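Quick note on this note's numbering: the sequence shown kicks off at 13 and runs consecutively.
Using N, Cα and C, we set each Cβ at its ideal position, and we do this for glycine too.
Here the structure is a predicted model, which means the values were calculated and not measured.
Before any comments, here is the structure.
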Amino acid sequence: MQKMIISGCNGKMGQVVESICKADGNIEVVAGFDVNQAKRDYPVFVSPANFTGEADAVIDFSSPKALDGLLAFAVERHIPLVLATTGYSEQQLAQIDEASKQVPIFRSANMSLGINVVLDLIRRAAAILGDSCDIEIVERHHNRKVDAPSGTAIMLADAAKEGLNYTPEYNYGRHDRREPRPKNEIGFSSVRGGTIVGVHEVIFAGRDEVLEIRHEAQSREIFANGAVKAAQFLSIVTAPGLYNMQDLVAAQNQGGAQ
C-alpha cells in the first residue's frame, strides 16, 4: 500500500487526485497540505512541517507560494515530490534543481501523456519547417487560471526551440509593437474564459500553407491521473534527481512503472 500526501488537497485538482487515489486499491492518502482547513477523510495541515507520519510521495497541485515549505519537507524527510503546479519563477526553478540533488523530484507543467506526444511532434515539425514557417502558440484556459502564458505553452515553445537551428525570442504580446513580425520569434496568445480545462495550439504558418498541432484537455482527470502515475514512478526511484514525463513514459515502456 502506497502512502500519499496531497498538497493543495482542498483545491479542485487536489480533490480529483484524492478520488483517483481512493479508486486505486493500492494507494492510501495519509494527509493533506492546504491553507484551506476544510475537513477531509484524512488530517489536513497548513504547513508540511506539522506532519510527522510516514509517506511514500507528495503530489502538489497548489501554488508556487507553497514551494519553500514543500522542498524543505521533502529534503528533510527524504520523501519524493511530484510538482504539478505551474507559474514558478526562475529563482524557484533553480531551488527545485538544487533540491533534486538530494531527493527525487518529478516536475512537469503538464501531466498529460497526450501533451508529451505533442512535444515530440513539435520538435520534429520545428526541425523540418522552422526555417520556412512562423511559429505561434495559442492557449486557452478557464477564468480562474492566474498565470499566462500557461506552463504548458512554454513547454511547447521550448520543444520547438530544440528543433530550430536558431535561438528564438519569446514574444508574449504585440500590443506595444508597431512593426512587422520578426522571423526569429515564437509568439504566445493567452485566452481566459469560462470553464475551459485547457486547449493548446501550435501554429506553423508558412507561405501558402499552415500546419496546426492541437491538444485539448476535456477534464482535469488526465492531469491528476498523470500525477498519480508520476508518484508511483517515484516510489521505485532510489536516486535523487529531477524527473519528468519522458522518464515516466520510458519506464512504462520498459515495464518499470505501474
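Closest by CA to residue i, which one among the options?
i	options	result
V41	A61, V47 and G20	G20
I91	L223, T250, Q264 and G205	T250
F200	N48, A165, N177 and V87	A165
I108	S124, L82, L125 and G126	L82
D46	V58, D53, R52 and R219	V58
E213	V240, A229, G205 and T207	A229
I149	F235, K241 and A171	A171
G218	K173, A138 and N155	A138
T207	N155, D132, N196 and N237	N155
I198	R152, Y182, P192 and E110	Y182
V261	K77, K241, E191 and S247	K241
L131	F118, L105, H153 and G175	G175
A239	H153, I71, D80 and V211	I71
S202	R152, L223 and P180	R152
Report all residues from its chain with a CB closer than 6 Å to the CB of residue i; omit the five preceding and five following residues, and keep chain order.
i	result
G26	I18, G20 and F73
G268	Interpretation of G268 is limited by its pLDDT of 46, a score under 50 that renders its predicted location unreliable; the figure taken from the coordinates is listed afterwards. Closer than 6 Å at the Cβ level, and outside the excluded window around G268, lies no residue.
P194	none
A43	I17, Y54, P55 and F63
Q270	The pLDDT assigned to Q270 is 43, lower than 50, so where the model puts this residue is not dependable; a value taken from the coordinates is nonetheless given after this. Same-chain partners within the cutoff: Q244.
N122	T164
L141	F216
Q264	none
G99	P76 and D159
M167	A121
L79	Q104
Taking Cβ positions, are residue i and residue j nearer each other than 8 Å?
i	j	result
S112	T97	no
P161	Y184	yes
I39	M16	yes
I134	I215	no
S120	N256	yes
G163	H227	no
N22	A50	yes
V94	L254	no
F235	S124	yes
Considering only residues of the same chain and omitting the five flanking positions on each side of residue i, which have a CB-CB separation below 7 Å?
i	result
P252	S112, K113, Q114, V115 and P116
S231	V209
K157	R204
Between which two residues does the alpha helix (DSSP H) holding residue i run?
i	result
K34	K24 to A35
F245	E233 to L246
K173	G163 to G175
Keeping to the same chain, check which residues put their C-beta closer than 8 Å to that of residue i; ignore five residues upstream and five downstream.
i	result
E233	V28 and I32
K24	R232
E88	none
A84	P60 and A61
Check whether chain C comes within 8 Å of residue i, counting only Cβ atoms and requiring the distance to be less than that.
i	result
R232	Of the protein chains in the structure, only one exists, and it is not chain C.
Tell me where the beta strand (DSSP E) around residue i begins and ends.
i	result
I17	Q14 to S19
I225	E221 to A229
F216	G210 to G218
V203	E197 to R204
N183	E181 to N183
V42	I39 to F45
Y178	Segment: none, Y178 is in no beta strand (DSSP E) and carries neither H nor E.
Check your understanding: Where in the region 70-103 do unbroken runs of the alpha helix (DSSP H), each at least 4 residues long, occur, reported from the N-terminal end onward?
Key -> 79-89
Check your understanding: Which ranges does the beta strand (DSSP E) cover as unbroken runs of at least 3 residues, wholly within the region 119-154, from first to last along the chain?
Key -> 146-153
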